[in-house]
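Residue numbers (this note's numbering): 88 to 251.
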């Protein structure tokens, strides 16, 4: 169960979602996948971008595999209960695609203009042992305005992010 996650600005590219929490000592994971959910969110995205562009992105990248390029499974060590980690998104870490802060902020502003819809970030995990286990690692509802507010220079993290 996760107690806290928040976003922060890193370098000049992408976003980093930091998280911390506790887990059972025996818990490990082999794979984690990020889903973006919410009807209003996808309606806004479809309003902003051409449907064929969205289909191309979804077919090539979605859902987003997090391990090994965006998140390390080493954050979930066996026999440890404390978890502190990061999810890198478009930062260029491990040769992942880089997206500039300017581009990200532009997309966030377009979402805000189109109603600032809630998006549910849902991370699903799996363990590939004798019996494959799947479950929700964590999920969080956020809006583009909340993310934008966390990446402005010298802007304090909103309280909501400090209590995930």
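Ideal Cβ placement from N, Cα and C applies to all residues, glycine included.
Among the options, the one whose alpha carbon lies nearest that of residue i
{"i": "residue 183", "options": "232, 151, 168 and 136", "result": "151"}
{"i": "residue 110", "options": "164, 233 and 145", "result": "164"}
{"i": "residue 116", "options": "235, 228, 223 and 212", "result": "212"}
{"i": "residue 236", "options": "196, 215 and 161", "result": "196"}
{"i": "residue 135", "options": "228, 203 and 108", "result": "203"}
Residue i, enclosing beta strand (DSSP E) - first and last residue
{"i": "residue 221", "result": "220-230"}
{"i": "residue 206", "result": "205-214"}
{"i": "residue 124", "result": "118-124"}
{"i": "residue 107", "result": "102-109"}
The alpha helix (DSSP H) enclosing residue i, as first and last residue numbers
{"i": "residue 179", "result": "Segment: none, residue 179 is in no alpha helix (DSSP H) and carries neither H nor E."}
{"i": "residue 190", "result": "188-200"}
{"i": "residue 146", "result": "138-148"}
For residue j and residue i, believed in contact at Cβ under 8 Å, the rounded distance
{"i": "residue 187", "j": "residue 100", "result": "6 Å"}
{"i": "residue 198", "j": "residue 231", "result": "4 Å"}
{"i": "residue 225", "j": "residue 114", "result": "Between residue 114 and residue 225 the Cβ distance is about 13 Å, and since that is not below 8 Å, they are no contact."}
{"i": "residue 118", "j": "residue 154", "result": "6 Å"}
Exposure label - residue i; buried when at least 16 CB within 10 Å
{"i": "residue 128", "result": "buried"}
{"i": "residue 220", "result": "exposed"}
{"i": "residue 131", "result": "buried"}
{"i": "residue 234", "result": "buried"}
Stretch pair the stretch 108-126 + the stretch 193-212: three plus CB contacts closer than 8 Å: With three or more CB-CB distances shorter than 8 Å, the stretch 108-126 counts as touching the stretch 193-212.
At least 3 beta-carbon pairs within less than 8 Å: the stretch 168-176 vs the stretch 192-201: Contact fails: fewer than three Cβ-Cβ distances are below 8 Å.
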